[in-house]
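Residue numbers (this note's numbering): 5 to 563. Reviewing the structure listed below.
See the structure below:
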C-alpha cells in the first residue's frame, strides 16, 4: 500500500496532468470536450492512479483466482486449465431441422448445445392451440411432446454433450422430457450435464413468458432444486438471468443488482422449503449479458462474482466453496446489434466476446451478424462461433489468468459497480425482497427509466451507434436471410393429431389426474410430471392441469 506522503505526491501529479497537458489535448479536439461516460452512464475520469484504489484491500477484495471472494475468477487456473464452453443458441422450425443445425454446430467445434424454444412452448401451449397460430417454430423450435424431444436429440449422445435450455415457466416439463430422452438412450440421469434457465422472476420483470402466479412458480423451482440434488446431481438447476434484464434496458449496475436480488429470493425460497443451502447452492448458475463497453463489462463480471460470494457466505451462511462461487454463462448483447450495416455486428460481437472472456465467463454464446433482421443463417452462425475460437486460440488473452487485475480503472470501476449494486439490493430488501419489489413495480420502473435515457441519448446523438445515427450509407435490401416455412405449424398439428391417436390415452389421463392431485397438495411435482411426459402427455396438457390448480399470473401495468 502507499503511504500518505506518496499519495499526496501522486494526487499532485494527477492534478498537474489534468489541468495541464490533458487540457491542452482536449482543447485541440473541441468535439470531444463533453463529459465521458461508460455505456451505463457512469462518469469516466480522465486518468486513474493508485489514488483511485487506495482503499482497496487487496487480500480481502482481490486475493487469488479460485479463492474467496472470487473477484479474479472461480478456478485457480481459469483458461490455462480449460477453455469456456462454446455454446451456440439455436433452435427453429421443427425438431428435425433443429437437430440438423445441432449436428452442424457440433461438427464446427461447438462444445455445448443451447436450445431455443418457440413462443408457444415457452408459455406452455401446444402447436395446435389457437393462440399458437402464426408463432410455431418462429423464434425457436416447437416442442409439444416427448416425441419432439426425441427427434431433437436424435443421434446426439446426451452423456457426451452439455445442454442448456432457455425455458422458464414450463422448465420442469422440458427437463422431464430431457431426462426421459436420456433414459431412452440408455443414459442415466446422474450422468447428464447442462443447465435449465428456470428463472421465472426475470420473466415478470423483463421478458413476459410467464404462466403461473409467483408462489406456485417458486414452488416448481424449488421442486426442481430438490429433485435434481437427488436424481440429476451434475445438472445446473437454474440459470439466474441478468441477460434479459439488460436487454430490457438496464444499466450494468442494475443488471448485477436485480439478478442477484432474484438469486437471493430463490435461495431463501429453497431454504424456506426445508432445503440445506449447501445441498443446492453449488448447482446455481447465472446468465449475464455482454455489451460494447469492454472495460465496464469486465468490471461488472468481477463485481458480481465478489458480491455473490459475500452474500452467500455472510447472509446465508453457506460453507462449501462451490456454494459461494458465481459461475456464469454469457451471451453477447442482442439489443446492441443493428439492422443497418449488419456486417458491423461482427465487430461488436468480437468486442463483447473479449469482454466476457476477460471477465472470466464459464460458457459463452456469440450472436450472429444478421440477428437484428432474422434468425441466423449457417454462415452467420459459423462466423459467430469462429469469433470465440479466434479469441480462444489467437488473441493471447487466455494464456494468463485475469490479465486486467490491478488496473487502476478496472479495480475502481469494479468497486463502484459493486457499491451501486449493493445499494439497489438494500432497497429491494427494504421493499420485502425481489418478488414484492416486482409486485410493486419498482424493478420494472428502474429499468424503464434507464432504457428511456439510453434511447434519448441515441436520438440526440449524445451516444453514437455506428451505421445507425452516424456514418450511415445507402444499403441494398438484405438477401439470404433465414425464413421459417409457414407450413411448420400445419406439420406440428398433424404430428400432434397422430400422437394422440396412437398413445395410451387412458394412461395419459391417469397420470394427468395424479399430477393435478399432487399440485393441490405439497408434494414435489417433478416425479408426476416425468410420468406424464413418459406417457406422451403433451406440454400443453400438463401446463393446463397446472393452470387449473395454480391459476395464471396477471401483470400489473406500470405507468
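Glycine included, every Cβ here is placed at the ideal spot set by N, Cα and C.
- DSSP lists 368 as the bridge partner or partners of residue 90.
- Sequence-distant partners of residue 127 (beyond 5 residues in either direction) whose C-beta falls short of 7 Å from its own C-beta, in its chain, are 173, 213, 215.
- For residue 77, there is no enclosing alpha helix (DSSP H), as DSSP marks it with neither H nor E.
- Comparing alpha-carbon positions, the option among 241, 375, 472, 490 lying closest to residue 92 turns out to be 375.
- If you draw a straight line from the Cα of residue 148 to the Cα of residue 221, it comes to about 21 Å.
- Note that the C-beta distance between residue 441 and residue 431 is below 9 Å.
- Residues 52, 53, 54, 56, 57 of the same chain have their beta carbon placed closer than 7 Å to that of residue 412, with the five preceding and five following residues left out of the count.
- Looking at the backbone, the Cα of residue 312 and that of residue 243 are separated by about 14 Å.
- Annotated three-state conformation of residue 120 is strand, per DSSP.
- The C-alpha of residue 408 lies about 12 Å from the C-alpha of residue 358.
- Residue 274 has its alpha-carbon roughly 8 Å from the corresponding atom of residue 280.
- Between the region 335–348 and the region 96–103 there are fewer than three C-beta pairs closer than 8 Å, too few to call the two in contact.
- In terms of CA proximity to residue 249, 204 leads the group 240, 204, 282.
- For residue 421 against residue 303, the beta-carbon gap comes to about 6 Å, under 8 Å, which counts as contact.
- When C-alpha distances from residue 134 are compared across 71, 124, 141, the shortest belongs to 124.
- For the pair residue 372 and residue 380, the CB atoms are nearer than the 9 Å cut-off.
- Measuring C-alpha to C-alpha distances from residue 209 to each of 456, 451, 60 identifies 451 as the nearest.
- Excluding sequence positions up to five before and after residue 353, its CB lies within less than 6 Å of the CB of 336, 370, 371, 391, all in the same chain and listed in chain order.
- The beta carbons of residue 309 and residue 62 sit no closer together than 9 Å.
- Residue 83 is a Cβ neighbour of residue 361, given a cutoff of 9 Å.
- For residue 377, no beta strand (DSSP E) encloses it, and the DSSP letter there is neither H nor E.
- Pairing residue 474 with residue 468 gives a Cβ-Cβ distance under 9 Å.
- With 16 or more neighbouring CB atoms inside 10 Å of its own CB, residue 300 falls in the buried class.
- In the same chain as residue 195, and ignoring 5 residues on each side of it, the C-beta atoms closer than 6 Å to its own belong to 163, in chain order.
- Residues 94 of the same chain have their beta carbon placed closer than 6 Å to that of residue 105, with the five preceding and five following residues left out of the count.
- Rounded to whole angstroms, the gap between the alpha carbons of residue 350 and residue 388 is 7 Å.
- With a 10 Å radius around the Cβ and a threshold of 16 neighbouring Cβ atoms, residue 286 comes out buried.
- Scanning its chain for C-beta atoms nearer than 7 Å, with the 5 sequence neighbours on each side dropped, one finds around residue 518 the residues 532, in chain order.
- In this structure, the beta-carbon distance from residue 169 to residue 219 does not fall below 9 Å.
- Residues 197 of the same chain have their beta carbon placed closer than 6 Å to that of residue 238, with the five preceding and five following residues left out of the count.
- Three or more beta-carbon pairs separated by less than 8 Å link the region 172–192 to the region 521–539, which places the two stretches in contact.
- Looking only at 158, 267, 416, the smallest Cα-Cα distance to residue 187 is reached by 158.
- Spanning the alpha carbons of residue 136 and residue 516 requires a straight line of approximately 22 Å.
- For residue 44, the secondary structure class from DSSP, reduced to helix, strand or coil, is coil.
- Rounded to whole angstroms, the gap between the alpha carbons of residue 224 and residue 288 is 15 Å.
- If you ignore the 5 residues before and after residue 119, its C-beta comes within less than 6 Å of the C-beta of 95, 169, all in its own chain and listed in chain order.
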